[in-house]
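Be aware that the sequence shown starts at 38, since it is given in the working numbering, and climbs by one per residue.
Comments concern the structure below.
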Amino acid sequence: MGFTVLIPARLASTRLPDKPLADIAGAPMVVRVAQRARRSGATAVVVAADDARTIAACDAHGVRALMTRPDHASGSDRLAEACEQLGLDGDDIVVNVQGDEPLIAPALIDACAALLRQRADCVMATAAHAIESVADFVNPNVVKVVCDAAGRALYFSRAPLPWWRDGNAGGITALPAPAPLRHVGLYAYRAAFLRRFPALPPSPLEAVESLEQLRVLWHGQRIAVHVCAEAPGAGVDTPADLERVRALAADAAQARAWWGD
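Structure below.
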């Protein structure tokens, strides 16, 4: 069975203005994300935009896009509106692919969608991979997730979790075993829950950690976690990130491999 990929594209960005329209090897970044998503098993790939310029850029490259309200507080709110516009059924699977992930692996999108379809006990699925360096473990911008025996998220945090009591007594100099997990911001939802999510009251933990997914756990819902073998391709949060991806995409053969150019 197929699924729908929705790509939230918010033009206002404090660190990288007009980020969805940033050029990568001759096409806007949001178009590059859609091109990668089309290589997954999705039956539809749709950009949920907040500005006519994004719609026009998508139209120019044959990417379907919907206009959503500009005042949404989060990407999930934007996708909930897109879900309504598309008339998706409650059990339909929706995968949220961030609009700043031009190197996202299509297989990872497929894996998250498949995992949620298998897990009737969960309303969402997401991804993670093993952390390999102490620097990433202690970095608050690297979100960690800990799971239960059934592969469901127990907690997400910017703190180094799990805390290695004996090994970290004199400071964090090594990683605990098994390896801690870095959360990857890719989400699969059932459409009915995605529509309901924005109406759930925010949780105090969500406010403290600035992690929206904690609202799901706070309200007693479950998130299945797919652990991938390696880190996904680099996302774009800053001008330096953008230049790094542009440099990689300067190789024409590599660009063709990623996006079919």
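Note that CB positions come from ideal geometry on N, CA and C, so glycine has one too.
Quantities reported herein were computed from a predicted structural model and do not represent experimental measurements.
So which of the options has the shortest CA-CA distance to residue i?
i    : options                  : result
E267 : L254, T51, I168 and H109 : I168
T41  : A74, D55, D88 and V175   : A74
S240 : D55, V100 and Q258       : Q258
L254 : G39, V183 and G297       : V183
A229 : A59, S50, T51 and M161   : M161
T105 : F193, V245, V264 and L43 : L43
A187 : R195, E121 and A261      : A261
S194 : Q135, V70 and R252       : R252
V134 : V82, V175, C159 and C265 : V82
P213 : V70, D88, V175 and A150  : V175
Rounded to whole angstroms, what is the Cα-Cα separation between residue i and residue j?
i    : j    : result
L53  : R47  : 11 Å
D126 : A157 : 16 Å
I141 : R76  : 10 Å
G270 : D173 : 16 Å
E249 : F234 : 10 Å
Y111 : P65  : Reading the sequence as shown, one finds Ser at residue 111 and not Tyr. Near 22 Å, if we compare the C-alpha coordinates of P65 and S111.
A225 : V171 : 29 Å
L198 : A97  : 45 Å
R154 : I130 : 7 Å
E280 : V179 : 21 Å
A61  : A119 : The residue asked about is misnamed: residue 61 is Ile in this sequence, not Ala. So the two alpha carbons sit approximately 26 Å from each other.
W295 : E138 : 12 Å
H109 : A206 : 44 Å
A49  : H263 : 31 Å
I92  : V84  : 8 Å
D128 : S113 : 17 Å
L237 : D288 : 45 Å
W201 : Y192 : 16 Å
V221 : A290 : 27 Å
A190 : L145 : 18 Å
For the alpha helix (DSSP H) that contains residue i, what are its first and last residues?
i    : result
I168 : No alpha helix (DSSP H) contains I168, which DSSP labels as neither H nor E.
P241 : P241 to E246
G99  : Unbroken run through G99: none, as it is neither H nor E.
V253 : L251 to W255
A277 : P276 to A286
With 16 as the cutoff for other CB atoms within 10 Å, does residue i come out buried or exposed?
i    : result
D208 : The sequence given here places Gly at residue 208; Asp does not occur at that position. Exposed.
H256 : exposed
P177 : exposed
T275 : exposed
P45  : buried
G204 : exposed
V245 : exposed
P107 : exposed
If you follow the beta strand (DSSP E) that residue i is part of, which residue opens it and which one closes it?
i    : result
S194 : A190 to S194
V67  : It is not in any beta strand (DSSP E) - V67 instead sits in the alpha helix (DSSP H) that spans M66 to A74.
A229 : No beta strand (DSSP E) holds A229; the alpha helix (DSSP H) holding it covers A228 to R233.
A211 : No beta strand (DSSP E) contains A211, which DSSP labels as neither H nor E.
P45  : T41 to A46
A81  : A81 to A86
For residue i, verify whether its CB is less than 6 Å away from any heavy atom of the ligand ZN.
i    : result
T105 : As presented, the structure is devoid of all ligands, the ligand ZN included, so that no description of it is given.
Contact check, residue i vs residue j under 8 Å by CB: the rounded distance?
i    : j    : result
L116 : A164 : In fact, because the Cβ distance is near 17 Å, the residues do not count as touching under 8 Å.
G297 : Q72  : 6 Å
H166 : R219 : 6 Å
A94  : V67  : 7 Å
E121 : R232 : 7 Å
G39  : A79  : 6 Å
P215 : K181 : About 13 Å; that fails the 8 Å criterion.
For chain C, is any of its Cβ atoms less than 7 Å away from the one on residue i?
i    : result
R154 : In the displayed structure, chain C is absent; only one protein chain is listed.
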